[in-house]
Each structure stands twice: as C-alpha cells, then as structure tokens.
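As structure tokens, the structure follows; a few thoughts come after it.
Numbering (this note's numbering), first residue to last: 40 to 337.
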C-alpha cells in the first residue's frame, strides 16, 4: 500500500464527533498516512455539502444518500450538483432508529406528531418516514432541525416528539428516558449508514484518510482498541461507562456496526437508494449505482 510521504492537512466535515477518527489518531495511523486532520462540525447536510463544494472542507463523513443527492439531483437543497464521490464505507448505521419523547401518547396520538429531521428530503428523513409508517404513526408534521446532536437536543427539550438518532446520540436519549420505537437496519436492512466522501477529481488526501480509517476500524472490530474506544466515547460523545460500553458493542455489531475493510455493500446502497425513490421519485437517479456513473471512487 502506497502512503503519503509528506504531511497533508485535511479538514473533515462531520455531524457528530467521530470516535473512529479519534481512535485512528491515537493509534498513530494519521501520522503513518502523512495526515493532519481537523474536524469541522456542521449544522445540517446542506451546510456540510455547501462547505464541501466551496472547498472549506476537504472531505465529509455523511450519509450515502447525501452523496446521491448532491451528485445526481439538481433538486437537492443547494440546487446544484458536483463530482462528489464515496471514497469508503464506514458503518451500517450505528444504532440508527426512530426515537420518541416519553410524553408522546402511543400507539395512537390524539394529534399529528412533530417529527424532527435534518432536512425533509434527506436520507435520515426518508428513514424516519418509513419507520413512522412501520410503527403506525401516519399523522405527523415535519420540522427541519439540523444535525443529529441538534435533533437530540430538540427531542430532549420536547421541541419534537420523534426523530432519528444514532452514533451515540441514541444512547444518551435512552439514558434520558426517550423511547426507541424501531431500528432502520432491522426494518430495512441491509443498510449503509456513514461513508467518507469527497469532491473529485483530486482525492489523494481523502484516499489516505480512507486507508487510515479502514485500519482503525479493523482494529476496533478485532478488539485491540477497546480501551481507546471507551476513552474517546467519553471524551467526544460524553458517554459514561455503561453507555460507552454499549457504544463499543454497537461498533462491533454485524448488523449496525463498522464495516470491515471499508467496502461499499451494493445491497446496502440499494436500500439507501430505494428509500429515496420510495419517498421522492427522481428520474435523475436512474442507473445511479452503475459503476460507470462514478458514484464510488475506485
């Protein structure tokens, strides 16, 4: 494997702090690949891709649905497309599920439910619509509330009654009494939760980061980085010991956890595309998974 010989700085846009990235740094893998990586928190998927398209971030940890939208569909929130590509798969959703405030009267609320989403036409929103239908919540109004940590805050404060949570945010919700109604991987699996994506054609630094992350994820899955994961889950996500250990188990879960080797599962990607087409039919996505259309960097 060819690795970068000179130090390269890379800014990574992410919704939630990335524990795998922090473990990657602690293991010395960023140094080994000649990288200095700074995380830039983003408020929403449109803000994340605005930063990517403008060059303010060099790569993003994001839903593959966002890459589909900003590569192929001019009807995305920014109204423009670009040569954005999936460089590596990261995880299968990390507990992504539909969470409800305990004040919500289930199973038959007396009024429409307030559902918090990143933006209405995004991958997690499509998952939310599907899971709400699955559990019988058919009357709801949608409010855009931004990234997963922001939606967690909104749910805890009662500003929304249901939302989609994952990546440690769902564990905080559970500890605060929120109710898990359904998991996306169980209902719609196989599912692809997070990918590393970047804008072409110059993807040298993104490929190097993908290599470092793959090695870190493989070590986490092998159980040789447990102590680091627990430390970083506490520092980055604010998880105390019991939920941090649940987070570690989730990283290793074959249904929802990290993806060995970073390979993009075509079946899981078809699930993501199918959810989008189910809720927002778009002719621009015909043949989107054809390798010749360049969605996945090879």
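All C-beta atoms in this analysis are idealised placements derived from N, C-alpha and C, irrespective of residue type, glycine included.
- With distances taken Cα to Cα, identify the nearest neighbour of residue 125 among 225, 281, 304. Distance check between residue 125 and each of 225, 281, 304 places 304 closest, using alpha-carbon atoms only.
- Chain-order list of residues whose beta-carbon lies under 8 Å from that of residue 225 (same chain, five-residue window excluded): Close CB contacts of residue 225 within its chain, under the 8 Å cut and outside five residues either way in sequence, are with 294 (chain order).
- Query: Which stretch, first to last residue, makes up the alpha helix (DSSP H) that contains residue 118?
  - Reply: According to the DSSP assignment, residue 118 belongs to no alpha helix (DSSP H), since it is labelled neither H nor E.
- Name the DSSP beta bridge partners of residue 237, please? 98, 124, per the DSSP bridge assignment.
- Go to residue 252, then tell me how far its alpha helix (DSSP H) extends in each direction, as first and last residue. 243–261 is the span of the alpha helix (DSSP H), which, as asked, contains residue 252.
- Query: How about residue 76 and residue 297: are their beta carbons less than 8 Å apart?
  - Reply: Cβ distance not < 8 Å, so residue 76 and residue 297 don't count as in contact.
- Run through DSSP, which three-state label would residue 152 get? Strand at residue 152.
- Query: Between which two residues does the alpha helix (DSSP H) harbouring residue 106 extend?
  - Reply: Boundaries of the alpha helix (DSSP H) harbouring residue 106: 103–111, taken from the DSSP string.
- Expressed to the nearest angstrom, what Euclidean distance is found between the alpha-carbon atoms of residue 40 and residue 233? Because the pLDDT of residue 40 is 45, which lies under 50, any placement of that residue in the model is unreliable, and the number read from its coordinates should be weighed accordingly. Linking residue 40 to residue 233 through their CA atoms gives a straight-line distance of about 24 Å.
- Locate the beta strand (DSSP E) running through residue 219, then write down its first and last residues. Element bounds for residue 219: 218–222.
- Task: Note down the Cα distance separating residue 162 from residue 265, rounded to an integer number of angstroms.
- Result: Going by the C-alpha atoms only, they are around 30 Å apart.
- Message: Among the candidates 309, 85, 74, whose CA atom is the shortest distance from the CA of residue 54?
- Response: Measuring from the Cα of residue 54, the nearest candidate turns out to be 85.
- Query: If you count every other CB in all the chains shown that lies within 10 Å of the CB of residue 59, and 16 or more means buried, which is it?
  - Reply: Buried, since its Cβ has 16 or more Cβ neighbours within 10 Å.
- Are residue 209 and residue 138 touching if we call contact CB-CB under 8 Å? With contacts defined by Cβ atoms closer than 8 Å, residue 209 and residue 138 form a contacting pair.
- Task: Check whether the stretch 233–245 touches the stretch 145–153, taking contact to mean three or more Cβ pairs, one atom from each stretch, closer than 8 Å.
- Result: Below 8 Å, too few C-beta pairs join the stretch 233–245 and the stretch 145–153 to call them touching: fewer than three.
- Message: For the pair the stretch 310–318 and the stretch 102–114, tell me if three or more CB-CB distances fall below 8 Å.
- Response: Counting Cβ pairs under 8 Å, three or more are found: they touch.
- Message: I want to know whether the stretch 178–191 touches the stretch 319–330 - three or more CB-CB distances under 8 Å.
- Response: With contact defined as three or more Cβ pairs closer than 8 Å, the stretch 178–191 and the stretch 319–330 are not in contact.
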